[in-house]
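Remember, this note's numbering sits 235 above the position in the sequence shown when you count from 1. Glycine is no exception: its CB is placed at the ideal position from the N, C-alpha and C atoms.
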Amino acid sequence: MKILIADNLSEFVIDELTKAGHECTIDPSLSAETLPGVVSDHEVIVVRSTKVQPAVMESAKGLKLVVRAGAGTNTIDKTCAKEKGVKVCNVPGVNSIAVAELAMGLIISIDREIPHNVLDLRQGGWDKKRYSQARGIYGSSLGILGLGSIGFELAKRASAFGMNVFGVAKPGRSVNSLERIEKAGIALLSSRKELLHTCDVVSIHLPATPETKHLVDKQFLSQMKEEAILINTSRGELVDEPALIQAMNEKGIRAGLDVYANEPDAGFGEFRSELAMHSNVYGTHHIGASTQQAQDAVAKGVVEVINSFANGELINCVNQ
236 MKILIADNLS EFVIDELTKA GHECTIDPSL SAETLPGVVS DHEVIVVRST
286 KVQPAVMESA KGLKLVVRAG AGTNTIDKTC AKEKGVKVCN VPGVNSIAVA
336 ELAMGLIISI DREIPHNVLD LRQGGWDKKR YSQARGIYGS SLGILGLGSI
386 GFELAKRASA FGMNVFGVAK PGRSVNSLER IEKAGIALLS SRKELLHTCD
436 VVSIHLPATP ETKHLVDKQF LSQMKEEAIL INTSRGELVD EPALIQAMNE
486 KGIRAGLDVY ANEPDAGFGE FRSELAMHSN VYGTHHIGAS TQQAQDAVAK
536 GVVEVINSFA NGELINCVNQ
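Listed below in structure tokens is the structure:
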């Protein structure tokens, strides 16, 4: 098959797909705007962050498959793809550990003010008195919204640090799911409101959908504790940014964020965000899934999806 890889992926992907007889074109400089002009007769497109909009499906008459090299597929117009007979597949779960590691790192960094420690030392400052005021996370409570693979990986790590982990009870969970939750040491509370009232740290691990857009709004934030910590390593669309800024100003909410609204498409460039620049935010550059370990696992998953498709088997399809 003729494959267009529109983002940076490991050489493993290229080597393995070439060995399998596929013809690969690699152009990580492509964007949502330029992708339609080069997709031409490719049968498969592989993307990480590059958006795949309806214009792509219109331009690529022979397109059969779009592969998201990761879990979330909100950057791909799945409805239009389905109308055009294009399958959209992802590689779920394999980068869960990487995202959970970053979420845990943000929690610890906020509590101990690690970035500010580093910055002061680099600027020749010494402020032991200020940086000795950390509360510590042992015995504190962590609420996880989204008990998928990332949520469970975070729960393991938080429990190892002595945090009490909570989720929200939902009707219809299977016996196996409830057993897994219990085994992970996650206590279920009756409602999201109760979780927000209870927890010192709230970490969000939900997909971007119409239902979750601006989930973190004024009401959500009003239910959180004073000076609580909010972690978002999922999608920027889940947060009403002006509402979060207001909550940080008025009730001392602190935030560890890896994702933002209107992020740049490119991997490098200028990004002016009032939220990201706020003094209560410890931010990273949408790197949650970007460890070498995670990218190696994603690469293997991409190869498996494409080779399976070429052999008549559809795996991890999200728009059937």
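Alpha-carbon spacing of S426 relative to G402, whole angstroms: As a working mapping, residue 426 is identified with position 191 in the sequence shown. As a working mapping, residue 402 is identified with position 167 in the sequence shown. Distance between the alpha carbons of S426 and G402: 9 Å.
Among D362, G359, Q358 and G397, which one has its Cα closest to the Cα of Y373? Position 138 of the sequence shown, counting from 1, holds the residue named residue 373. Out of D362, G359, Q358 and G397, G397 has the C-alpha closest to the C-alpha of Y373.
Evaluate S457 with the Cβ neighbour count: other Cβ atoms within 10 Å of its Cβ, from every protein chain shown; 16 or more gives buried, anything less gives exposed. Locating residue 457 in the sequence shown gives position 222, counting from the first residue. With fewer than 16 other Cβ atoms within 10 Å, it is exposed.
Work out the CA separation of F544 and I550 for me, nearest whole Å. Here residue 550 corresponds to residue number 315 of the sequence shown, with the count starting at 1. Here residue 544 corresponds to residue number 309 of the sequence shown, with the count starting at 1. Going by the C-alpha atoms only, they are around 8 Å apart.
Looking only at its own chain, which residues have a Cβ that is under 7 Å from the Cβ of C315, when we skip the five neighbours before and after it? On the sequence shown, residue 315 is found 80 positions in, with the first residue counted as 1. Closer than 7 Å at Cβ, skipping near neighbours: P289 and M292.
I550 by DSSP, collapsed to three states: which one? Residue numbering aside, residue 550 sits at position 315 when the sequence shown is read from its first letter. I550 falls in the coil class under three-state DSSP.
According to the Cβ coordinates, are A496 and G518 closer than 7 Å? Residue mapping note: residue 496 aligns to position 261 of the sequence shown, counting from 1. Residue mapping note: residue 518 aligns to position 283 of the sequence shown, counting from 1. Going by C-beta atoms, A496 is not nearer than 7 Å to G518.
How long is the line joining the alpha carbons of R303 and N325, rounded to whole angstroms? If you number the sequence shown from 1, residue 303 lands on position 68. If you number the sequence shown from 1, residue 325 lands on position 90. Each residue's Cα considered, the two are about 5 Å apart.
Please tell me whether I385 and A422 are closer than 7 Å, where the distance is taken between their beta carbons. On the sequence shown, residue 385 is found 150 positions in, with the first residue counted as 1. On the sequence shown, residue 422 is found 187 positions in, with the first residue counted as 1. Cβ atoms of I385 and A422: not closer than 7 Å.
Classify E258 as helix, strand or coil using the three-state DSSP reduction. In the sequence shown, residue 258 corresponds to position 23, counting from 1. Strand at E258.
Below 8 Å on the Cβ atoms is my guess for A524 versus A333; work out the distance and round it to an integer in Å. Start at 1 with the first residue of the sequence shown, and residue 524 comes out as number 289. Start at 1 with the first residue of the sequence shown, and residue 333 comes out as number 98. The Cβ separation is near 5 Å, so the contact holds.
I'd like to confirm the pairing. Which residues does DSSP put opposite R489 in its beta bridges? The residue you call residue 489 lines up with position 254 of the sequence shown. I464, per the DSSP bridge assignment.
Of the listed residues A443, D493, A295 and E318, nearest to V273 (C-alpha basis): If you number the sequence shown from 1, residue 273 lands on position 38. Ranking the options by Cα distance to V273, first place goes to A295.
May I ask you to verify whether the stretch 237 to 245 touches the stretch 256 to 267, counting CB pairs closer than 8 Å and requiring at least 3? yes
Could you tell me which residues DSSP puts in a beta bridge with R303? In the sequence shown, counting from the first residue as 1, residue 303 sits at position 68. DSSP output for R303 lists V282 as bridge partner(s).
Would you mind sorting K313 into buried or exposed? The rule is 16 or more other CB atoms within 10 Å of its CB. Numbered from 1 along the sequence shown, position 78 holds the residue referred to as residue 313. It counts as buried.
Can you look up V540 in the DSSP assignment and give me helix, strand or coil? Translated into the one-based positions of the sequence shown, residue 540 becomes position 305. In this structure, V540 counts as helix in the three-state DSSP scheme.
Coarse secondary structure for I372, derived from DSSP in three states: Counting from 1 along the sequence shown, the entry for residue 372 is found at position 137. Coil.
Secondary structure at Q378, three-state DSSP: helix, strand or coil? Looking up residue 378 in the sequence shown gives position 143. Note that residue 378 is Gly in the sequence shown here, rather than Gln. It is a strand residue.
So which of K317, S438 and A443 has the shortest CA-CA distance to A463? Start at 1 with the first residue of the sequence shown, and residue 463 comes out as number 228. For A463, the nearest C-alpha among the options comes from S438.
Looking at A369: is its Cβ nearer than 7 Å to the Cβ of R347? Taking the first residue of the sequence shown as 1, we reach residue 369 at position 134. Taking the first residue of the sequence shown as 1, we reach residue 347 at position 112. Yes, Cβ-Cβ distance for A369 and R347 is below 7 Å.
N- and C-terminal bounds of the alpha helix (DSSP H) containing L456: Counted from its first residue, the sequence shown places residue 456 at position 221. From DSSP, the alpha helix (DSSP H) with L456 extends over K453 to S457.
Determine, using beta carbons only, whether G378 and L341 come nearer to each other than 7 Å. Along the sequence shown, one-based indexing puts residue 378 at 143. Along the sequence shown, one-based indexing puts residue 341 at 106. No, the Cβ-Cβ distance between G378 and L341 is not below 7 Å.
Considering only residues of the same chain and omitting the five flanking positions on each side of D362, which have a CB-CB separation below 8 Å? For the purposes of this step, residue 362 is taken as residue 127 along the sequence shown, with counting starting at 1. Cβ neighbours of D362 beyond the five flanking positions: D355.
Could you spell out the range, first to last residue, of the beta strand (DSSP E) harbouring S438? Locating residue 438 in the sequence shown gives position 203, counting from the first residue. Taken as a continuous stretch (DSSP letters only), the beta strand (DSSP E) holding S438 covers V436 to I439.
Paired residues, beta bridge with N243 - DSSP: On the sequence shown, position 8 is the one that residue 243 refers to. N243 is not bridged to any residue.
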